[in-house]
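All remarks here apply to the structure that follows.
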Amino acid sequence: MSDDRLSRVFAALADPTRRDIVARLAAGDATVNELAAPYDVTVQAVSKHIKVLQDAGLVSRSRDAQRRPCHLEAEVFDLMTKWIERYRREAEDRFRRLDAVLARMDDQGDPAGRADGRTDTPPDDRPAATEEAAS
Numbered sequence: 000m001s002d003d004r005l006s007r008v009f010a011a012l013a014d015p016t017r018r019d020i021v022a023r024l025a026a027g028d029a030t031v032n033e034l035a036a037p038y039d040v041t042v043q044a045v046s047k048h049i050k051v052l053q054d055a056g057l058v059s060r061s062r063d064a065q066r067r068p069c070h071l072e073a074e075v076f077d078l079m080t081k082w083i084e085r086y087r088r089e090a091e092d093r094f095r096r097l098d099a100v101l102a103r104m105d106d107q108g109d110p111a112g113r114a115d116g117r118t119d120t121p122p123d124d125r126p127a128a129t130e131e132a133a134s
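Here it is as structure tokens:
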């Protein structure tokens, strides 16, 4: 999937109404009128949302006698999932490497958790108390 198409898909899904339409189409095909029913907007407004979803490749329309049902194109979600999965794996690899570094630091017995042995608190610069000062 090209980055341009992927951008269109994510842009189309950025709108909550379109995400809801996609969720409803996941349950089955529906006409624009059926999709528009629960919204407080015109059928034309829902039709524009469907057009954006179509342009992104998420939805297709067919002709069934007098009906023109909208159909969710699940293959696009497979491609999106692969794209997301690649970056999820990379993030997990980075976290595993970080966990390994932290475990090595912990194994070294560094009380402050720093690899160089320094502590995060500065040394106490106050002079030591003497018996004379205590009397």
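Residue numbering for the sequence shown follows numbering that gives the first Met the number 0, starting at 0 and increasing by one per position.
Every residue, glycine too, gets a C-beta built ideally from N, C-alpha and C.
Which partner residues does residue i have in the DSSP bridge list?
i, result
"L71", "V58"
"D63", "R66"
Work out the CA separation of residue j and residue i for me, nearest whole Å.
i, j, result
"D105", "R95", "15 Å"
"E136", "A25", "Outside the shown range of the chain (0 to 134) lies residue 136, about which nothing can therefore be said."
"D14", "A55", "13 Å"
"A99", "D92", "11 Å"
"L97", "L52", "40 Å"
"P68", "L101", "55 Å"
If you count every other CB in all the chains shown that lies within 10 Å of the CB of residue i, and 16 or more means buried, which is it?
i, result
"A90", "exposed"
"R62", "exposed"
"A11", "buried"
"A22", "exposed"
"V8", "buried"
"V75", "buried"
"V31", "buried"
Grouping DSSP H, G and I as helix and E and B as strand, with all else coil, what is residue i?
i, result
"A36", "coil"
"A26", "coil"
"Q53", "helix"
"Q107", "coil"
"A44", "helix"
"D92", "helix"
"R17", "helix"
Legend entry - contact_flag[the stretch 75–95, the stretch 32–46] where n(CB pairs < 8 Å) is 3 or more: As far as the Cβ criterion goes, the stretch 75–95 does not touch the stretch 32–46, which means the pair count is below three.
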